[in-house]
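For the sequence shown, position 603 (counting from the first letter as 1) is numbered 603 according to full-length UniProt numbering, and the numbering increases by one without interruption. Even glycine gets a Cβ: it sits at the ideal position worked out from N, Cα and C. Just so it is clear, the structure is predicted and the values come from calculations on it, not from any experiment.
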Amino acid sequence: MQNQTPLILVDGSSYLFRAYHTMNFSTSAGQPTGAIYGVINMLKSLYKQYQPTQMAVIFDAKGKTFRNDLYPEYKAHRPPMPDDLRSQIAPLHQIVKAMGFPLISIEGVEADDVIGTLAHHATEAGRKTIISTGDKDMAQLVNPHISLINTMTNQFLDVEGVNKKFGIPPELIIDFLALMGDTADNIPGVAGVGEKTALGLLQGIGSIDEIYQNIEKIADLPIRGAKKLGEKMLANEEDARLSYLLATIKLDVELPLELNELNIGEADTAELETLFSEYEFKTWLKDVKAGKPVLPAGTAKSNEKDADSAEAKPVESSIDRSQYETILTEAQLKSWVSKLEASRLFAVDTETTNLNIIAADLVGISFATDKGQAAYLPLIHQYPGAPQQLDQEWALAQLKPVLENPEIAKIGQNIKYDQSIFAAVGIELQGVKFDTMLESYTLNSVANRHDMDTLSQKYLGHECIHYEEIAGKGKKQVTFDQIDLDIASKYAAEDADVTLQLHQSIWPALEKEEGPKNIFNEIEVPLINVLSKMERQGVLIDGDFLKQKSNEFGKRIIELEKKAHELAGQPFNLGSPKQLQEILFEKQGLPVLKKTPKKQPSTAEDVLAKLALDYPLPKVIMEYRGLTKLKSTYSDKLPLMVQPRTGRVHTSYHQAVAATGRLSSADPNLQNIPVKTEEGRKIREAFIAPSGYKVVAADYSQIELRIMAHLSQDENLVRAFADNLDIHKATAAEVFGVELDEVTSEHRRHAKAVNFGLIYGMSRFGLAKQLGITNDEAAHYIDTYFARYPGVSDYMESTKAKAKELGYVETLFGRRLYLPQINASNGMHRQAAERTAINAPMQGSAADIIKLAMIETQKWLDAEKPDCHMVMQVHDELVFEVAEDKVEEYSNKINQIMANAVELSVPLIVDVGVGENWEQAH
Numbered sequence: 001m002q003n004q005t006p007l008i009l010v011d012g013s014s015y016l017f018r019a020y021h022t023m024n025f026s027t028s029a030g031q032p033t034g035a036i037y038g039v040i041n042m043l044k045s046l047y048k049q050y051q052p053t054q055m056a057v058i059f060d061a062k063g064k065t066f067r068n069d070l071y072p073e074y075k076a077h078r079p080p081m082p083d084d085l086r087s088q089i090a091p092l093h094q095i096v097k098a099m100g101f102p103l104i105s106i107e108g109v110e111a112d113d114v115i116g117t118l119a120h121h122a123t124e125a126g127r128k129t130i131i132s133t134g135d136k137d138m139a140q141l142v143n144p145h146i147s148l149i150n151t152m153t154n155q156f157l158d159v160e161g162v163n164k165k166f167g168i169p170p171e172l173i174i175d176f177l178a179l180m181g182d183t184a185d186n187i188p189g190v191a192g193v194g195e196k197t198a199l200g201l202l203q204g205i206g207s208i209d210e211i212y213q214n215i216e217k218i219a220d221l222p223i224r225g226a227k228k229l230g231e232k233m234l235a236n237e238e239d240a241r242l243s244y245l246l247a248t249i250k251l252d253v254e255l256p257l258e259l260n261e262l263n264i265g266e267a268d269t270a271e272l273e274t275l276f277s278e279y280e281f282k283t284w285l286k287d288v289k290a291g292k293p294v295l296p297a298g299t300a301k302s303n304e305k306d307a308d309s310a311e312a313k314p315v316e317s318s319i320d321r322s323q324y325e326t327i328l329t330e331a332q333l334k335s336w337v338s339k340l341e342a343s344r345l346f347a348v349d350t351e352t353t354n355l356n357i358i359a360a361d362l363v364g365i366s367f368a369t370d371k372g373q374a375a376y377l378p379l380i381h382q383y384p385g386a387p388q389q390l391d392q393e394w395a396l397a398q399l400k401p402v403l404e405n406p407e408i409a410k411i412g413q414n415i416k417y418d419q420s421i422f423a424a425v426g427i428e429l430q431g432v433k434f435d436t437m438l439e440s441y442t443l444n445s446v447a448n449r450h451d452m453d454t455l456s457q458k459y460l461g462h463e464c465i466h467y468e469e470i471a472g473k474g475k476k477q478v479t480f481d482q483i484d485l486d487i488a489s490k491y492a493a494e495d496a497d498v499t500l501q502l503h504q505s506i507w508p509a510l511e512k513e514e515g516p517k518n519i520f521n522e523i524e525v526p527l528i529n530v531l532s533k534m535e536r537q538g539v540l541i542d543g544d545f546l547k548q549k550s551n552e553f554g555k556r557i558i559e560l561e562k563k564a565h566e567l568a569g570q571p572f573n574l575g576s577p578k579q580l581q582e583i584l585f586e587k588q589g590l591p592v593l594k595k596t597p598k599k600q601p602s603t604a605e606d607v608l609a610k611l612a613l614d615y616p617l618p619k620v621i622m623e624y625r626g627l628t629k630l631k632s633t634y635s636d637k638l639p640l641m642v643q644p645r646t647g648r649v650h651t652s653y654h655q656a657v658a659a660t661g662r663l664s665s666a667d668p669n670l671q672n673i674p675v676k677t678e679e680g681r682k683i684r685e686a687f688i689a690p691s692g693y694k695v696v697a698a699d700y701s702q703i704e705l706r707i708m709a710h711l712s713q714d715e716n717l718v719r720a721f722a723d724n725l726d727i728h729k730a731t732a733a734e735v736f737g738v739e740l741d742e743v744t745s746e747h748r749r750h751a752k753a754v755n756f757g758l759i760y761g762m763s764r765f766g767l768a769k770q771l772g773i774t775n776d777e778a779a780h781y782i783d784t785y786f787a788r789y790p791g792v793s794d795y796m797e798s799t800k801a802k803a804k805e806l807g808y809v810e811t812l813f814g815r816r817l818y819l820p821q822i823n824a825s826n827g828m829h830r831q832a833a834e835r836t837a838i839n840a841p842m843q844g845s846a847a848d849i850i851k852l853a854m855i856e857t858q859k860w861l862d863a864e865k866p867d868c869h870m871v872m873q874v875h876d877e878l879v880f881e882v883a884e885d886k887v888e889e890y891s892n893k894i895n896q897i898m899a900n901a902v903e904l905s906v907p908l909i910v911d912v913g914v915g916e917n918w919e920q921a922h
């Protein structure tokens with residue numbers, strides 16, 4: 001049985017700006033309050049009109065959104081928010097919450113997207129929804145279940161209302177916005193297409209997809225300038241497609257609240273009294289003091305016992321910080337050690353002075369054995385007046401046996417960090433069975449972020465204490481050992497408590513999914529120990545060599561700048577796209593190959609690369625850009641990252657970032673060190689072996705193509721790998737119909753582009769662009785390839801079909817990648833998801849294989865403790881430091897482990913190199 005009243009979703013940001021421009025009130029102290037007053041009045045009016053039991057107010061969050069990533073100029077021309085409006089946001093949020101309304105604000109998306117997602121969920125549940133907004137873009141959401149109301153104009157829009165107002169149905173509103181653009185949001189649209197032309201196109205032909213499929217029909221439409229409009233549409237298709245993406249409201253935002261958690265709660269009258277007094281809302285204050293209902297009369301909560309209201313109770317978090325214990329005596333610690341020893345599993349978390357594991361000092365440790373049963377053991381808090389704490393050496397000695405007991409399971413959130421911190425104080429953390437970050441990641445790598453704050457909001461409905469709240473921000477931020485113990489203890493114990501409760505929430509769901517559960521148990525958890533050891537080992541770099549390279553790069557950069565000025569005939573800023581546009585396209589008259597969404601000639605990397613084939617200045621600019629990036633990112637920066645305690649650089653590997661399962665690294669990012677240019681390879685020369693050792697690099701050869709052969713079981717492809725043929729040469733022979741010994745280097749280059757392009761979902765247009773051939777030639781290559789390798793084509797089609805049915809694809813080992821857009825009505829979104837569906841099983845399987853190889857390699861290293869250390873993992877490559885007298889023996893062993901990490905239908909080939917530095921070994 002459904003709720004009788006509709007779900008009300010309020011576009012708080014829309015009304016905030018409108019109220020600001022309408023009402024100009026302020027307190028006697030000068031604090032502006034007009035926007036607050038306007039929005040609160042609107043909420044009361046809306047509540048009185050519909051008497052809902054569920055209603056949420058949604059605001060934009062601070063910062064950029066995913067649309068800025070799609071198009072940096074999105075909303076770029078908007079002036080900064082006025083200070084007198086900004087100062088009203090926090091008090092407005094406080095009042096809205098105190099009135100009992102759920103308030104939602106999510107970073108990375110706009111209020112529209114949150115509203116769209118909530119409304120979409122309500123529609124799926126058969127619920128009626130009314131969206132209160134003044135934003136015309138919201139008309140795209142209207143359906144038989146969703147209506148709009150603008151309380152400022154009292155305009156109500158259902159499906160019929162949208163048709164009447166705009167002349168098109170709700171499902172064409174996105175196309176309408178995309179065609180004519182939006183100056184307010186800086187959405188480019190199609191140049192020269194206004195409202196009337198957009199309507200003419202949509203009413204005459206249909207959606208943007210249909211327009212581009214029937215471009216020849218435009219000339220026959222009764223639209224002014226119709227004969228030339230088709231050409232204009234074709235010339236601006238990129239802008240139209242981009243604008244469509246920008247105008248589309250997301251319907252799949254990861255939400256902190258479920259629909260049944262949007263009940264209007266009890267008003268906090270004490271808080272409201274304080275706020276109304278402070279902001280001088282005298283009438284409201286008088287009503288609150290008199291005990292009058294905060295919300296208008298006749299809106300008491302329904303007593304109906306329907307199914308929705310029975311389930312729609314606010315999440316009651318069991319986080320009760322008052323129950324946390326601070327361990328300051330020997331008796332307390334011994335009692336907690338006994339609790340930990342008696343438990344089957346417990347959560348553990350460390351607090352330190354630094355996020356870098358090598359630079360960090362251990363400040364304290366927290367534990368949780370059950371919901372709300374958590375404690376913090378402080379060790380070195382040293383602010384004035386800090387209480388006496390237990391001797392660190394003695395305390396750690398008490399904990400060491402239980403922390404090193406493999407029979408007692410440990411849970412952490414990013415427990416790799418804690419494992420490394422314990423190792424630094426002589427404790428080998430064992431029994432690591434669970435990591436809530438990895439549980440969330442393996443369950444669904446693309447659903448949301450996997451940090452504690454995000455997960456706590458999602459699964460527990462609880463907002464954690466933020467570090468900045470207790471330590472300060474920026475230059476004023478203090479380290480954890482300087483924080484008052486009462487405050488620090490609540491923060492630290494909460495981390496352990498939340499971690500335990502997250503595990504209890506996420507693990508039951510993960511345990512039901514066989515593939516993801518196996519990935520978690522067999523790959524991700526065992527890898528924690530491997531990565532911890534690699535990070536602690538670090539890598540040796542030659543700082544003097546890098547300084548020398550920086551000097552060389554600097555001199556060459558100056559030479560290039562001077563040469564560019566000579567070629568241009570005038571000095572200009574090589575880093576300024578605007579000045580570069582003027583020089584290249586206005587002064588020198590170079591052909592404009594591509595335009596930006598703002599209709600300016602593009603100076604992007606791919607454009608300069610094409611121009612550089614025929615013109616000297618773009619070639620100089622490209623070299624300048626490359627060297628500038630190398631210098632600032634690597635040769636200047638890497639020596640500064642050497643840790644004084646070890647004399648080495650220690651990267652941090654991230655398991656829960658890349659959706660496909662690949663590792664990423666940061667500080668420094670080893671994955672992005674360039675290898676395609678001679679100068680880039682020089683950076684790898686700086687990664688050296690210590691005295692008495694060599695660098696050994698072991699790299700899987702063409703692993704994704706081998707996985708494709710295994711997955712597709714294509715006879716020709718499997719045979720080529722089984723016969724150990726040069727796969728690109730073999731493909732060239734097949735595609736060009738020549739004998740192997742007749743394959744030219746040009747043939748092989750084209751075949752290589754086809755091999756790799758197809759597994760990444762490249763179209764004939766993309767292949768043509770890469771190889772500099774016609775679209776027809778590219779299509780012929782692809783058709784011939786599939787004729788020679790029909791199993792590959794069958795695999796691709798069956799994979800797409802399976803993805804559409806299940807909503808996800810899997811790797812060989814059960815790692816799952818969800819594809820929320822695989823059945824999207826939007827063609828661009830759907831095709832992108834299809835390309836991902838084809839590639840993800842290969843890229844993800846490659847990631848799984850190298851992780852399995854790392855786990856097996858570490859087992860060998862731990863068991864035999866040879867003079868060998870695994871120091872880096874980059875793409876499909878493992879890098880080691882090996883004692884000089886053991887290089888041949890250990891290289892063979894590493895090759896054997898990696899080649900036999902899994903069994904495929906084709907052999908896994910490992911290329912092993914040796915050198916004084918990484919570049920020589922690679």
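Whole-angstrom distance between residue j and residue i, CA atom to CA atom
i: residue 603; j: residue 172; result: 34 Å
i: residue 39; j: residue 23; result: 10 Å
i: residue 827; j: residue 213; result: 12 Å
i: residue 586; j: residue 770; result: 27 Å
i: residue 663; j: residue 874; result: 8 Å
i: residue 282; j: residue 453; result: 38 Å
i: residue 249; j: residue 900; result: 48 Å
Helix, strand or coil at residue i [DSSP, three-state]
i: residue 81; result: coil
i: residue 595; result: strand
i: residue 588; result: coil
i: residue 68; result: helix
i: residue 314; result: Below a pLDDT of 50, predicted positions are generally treated as unreliable, and residue 314, at 25, falls in that range; no measurement from the model is reported.
i: residue 304; result: Confidence at residue 304 is low in this model, with a pLDDT of 29, below 50, so the placement of that residue is unreliable and no value is reported for it.
i: residue 309; result: The pLDDT assigned to residue 309 is 27, lower than 50, so where the model puts this residue is not dependable, and the model offers no usable value.
i: residue 433; result: strand
i: residue 156; result: strand
Where the beta strand (DSSP E) containing residue i begins and where it ends
i: residue 871; result: 868 to 874
i: residue 362; result: 362 to 370
i: residue 55; result: 55 to 58
i: residue 436; result: First-last for residue 436: 436 to 443, but that is the alpha helix (DSSP H), not the beta strand (DSSP E).
i: residue 349; result: 345 to 352
i: residue 409; result: 409 to 412
i: residue 881; result: 877 to 883
Integer Cβ distance of residue i from residue j, believed to fall under 8 Å
i: residue 326; j: residue 378; result: 7 Å
i: residue 179; j: residue 162; result: At roughly 17 Å, the Cβ-Cβ gap does not stay under 8 Å, so residue 179 and residue 162 are not in contact.
i: residue 205; j: residue 217; result: 6 Å
i: residue 122; j: residue 145; result: 7 Å
Continuous alpha helix (DSSP H) stretch holding residue i: start and end
i: residue 888; result: 887 to 899
i: residue 928; result: One cannot answer for residue 928 here, as it falls past the ends of the chain, which runs 1 to 922.
i: residue 699; result: Unbroken run through residue 699 is the beta strand (DSSP E), 693 to 700; no alpha helix (DSSP H).
i: residue 710; result: 703 to 712
i: residue 112; result: 111 to 124
Sequence-distant residues of the same chain with beta carbon closer than 6 Å to residue i, five excluded per side
i: residue 96; result: 57 and 103
Same chain only: Cβ atoms within 8 Å of residue i, ignoring 5 sequence neighbours per side
i: residue 557; result: 624, 627, 628 and 631
Residues near residue i by beta carbon distance below 7 Å, same chain, minus five either side
i: residue 905; result: 709, 710, 713 and 718
i: residue 869; result: 537, 880 and 881
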